[in-house]
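Asker:
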Amino acid sequence: MIELRLNELQADLTNGANGLTYQLEPALSADQQKLLNQQIQAIRDLIGQLVHKYGLSARRLAWSQRLNALSSSLWVDLQDSRSDQMPGYGAFTTDEHPADNDQDIGQLIVLIRTIQT
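In the working numbering, the protein residues as written are 983 to 1099.
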């Protein structure tokens, strides 16, 4: 799982990370990006050494496991986005349409469940 997180971090660093609801600001200079890539590689190198030291083999992950883990994480994030969970977070307010917000979150949850295996 550490390698998966490193892959995500490196992909964000390399490709940027922008979505419909967020934009990752490129706050790192070229030198900082280079250093971070070197640090990520050092972590990968150490993982490789530990794999050899302990005689580990690659764990085979079923795609369904990965899909279920990610969709479960999405479900948790959506549950935390319901109107009763939002007081005090950011500029978004559900005061005008709290029922709409919860209904919209519910629709997203239903769609997330459809991708689970």
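Just so it is clear, CB atoms sit at the ideal spot from N, CA and C, and this is done for glycine as well.
Hey, would you say isoleucine 1087 sits closer than 8 Å to leucine 1056, going by beta carbons?
Answerer: Numbered from its first residue, the sequence shown carries residue 1087 at position 105. Numbered from its first residue, the sequence shown carries residue 1056 at position 74. No; because the gap between Cβ atoms is not below 8 Å, this pair is not in contact.
Asker: Write down the C-beta distance between glutamine 1089 and serine 1053 rounded to the nearest angstrom, noting that I regard them as a contact closer than 8 Å.
Answerer: For the purposes of this step, residue 1089 is taken as residue 107 along the sequence shown, with counting starting at 1. For the purposes of this step, residue 1053 is taken as residue 71 along the sequence shown, with counting starting at 1. Actually they do not touch by this definition, with Cβ atoms about 15 Å apart.
Asker: Going by C-alpha to C-alpha distance, which of Thr1003, Ala1024, Tyr1004 sits closest to glutamine 992?
Answerer: Counting from one through the sequence shown, the residue named residue 992 turns up at place 10. Residue Ala1024 is the option with its Cα nearest to glutamine 992.
Asker: Give the C-beta separation of leucine 1018 and leucine 1010 to the nearest angstrom, bearing in mind that I take them to be a contact with Cβ-Cβ under 8 Å.
Answerer: Residue mapping note: residue 1018 aligns to position 36 of the sequence shown, counting from 1. Residue mapping note: residue 1010 aligns to position 28 of the sequence shown, counting from 1. Yes, leucine 1018 and leucine 1010 are in contact; Cβ-Cβ is about 7 Å, under 8 Å.
Asker: The alpha helix (DSSP H) that contains aspartate 1059, what's its start and end?
Answerer: The count along the sequence shown starts at 1 and reaches residue 1059 at position 77. Element bounds for aspartate 1059: 1045-1061.
Asker: Name the one or two DSSP bridge partners that asparagine 1000 has.
Answerer: Taking the first residue of the sequence shown as position 1, residue 1000 is located at position 18. Beta-bridge pairing links asparagine 1000 to Gln1005.
Asker: Where does asparagine 997 land, buried or exposed, given buried means 16+ other C-beta within 10 angstroms?
Answerer: Against the sequence shown, residue 997 aligns to sequence position 15. It counts as exposed.
Asker: Within 10 angstroms of its Cβ, does asparagine 1083 collect 16 or more other Cβ (buried), or is it exposed?
Answerer: As a working note, residue 1083 is residue 101 in the sequence shown. It counts as buried.
Asker: Which residues in the same chain have their Cβ closer than 8 Å to the Cβ of glycine 1026, if we skip the five residues on either side of it in sequence?
Answerer: As a first step, residue 1026 must be located in the sequence shown, where it is residue number 44. Per the sequence shown, residue 1026 should be read as arginine rather than glycine. If we look at arginine 1026 and ignore the five residues flanking it on each side, its Cβ neighbours are Glu985, Leu988.
Asker: Can you give me the C-alpha to C-alpha distance between serine 1065 and glutamine 1014, rounded to a whole angstrom?
Answerer: For the purposes of this step, residue 1065 is identified with residue 83 of the sequence shown, where counting begins at 1. For the purposes of this step, residue 1014 is identified with residue 32 of the sequence shown, where counting begins at 1. Approximately 39 Å between the Cα atoms of the pair.
Asker: Which residue marks the beginning of the alpha helix (DSSP H) containing leucine 1017, and which one marks its end?
Answerer: Position 35 of the sequence shown, counting from 1, holds the residue named residue 1017. Where leucine 1017 is concerned, the enclosing alpha helix (DSSP H) stretches over 1012-1035.
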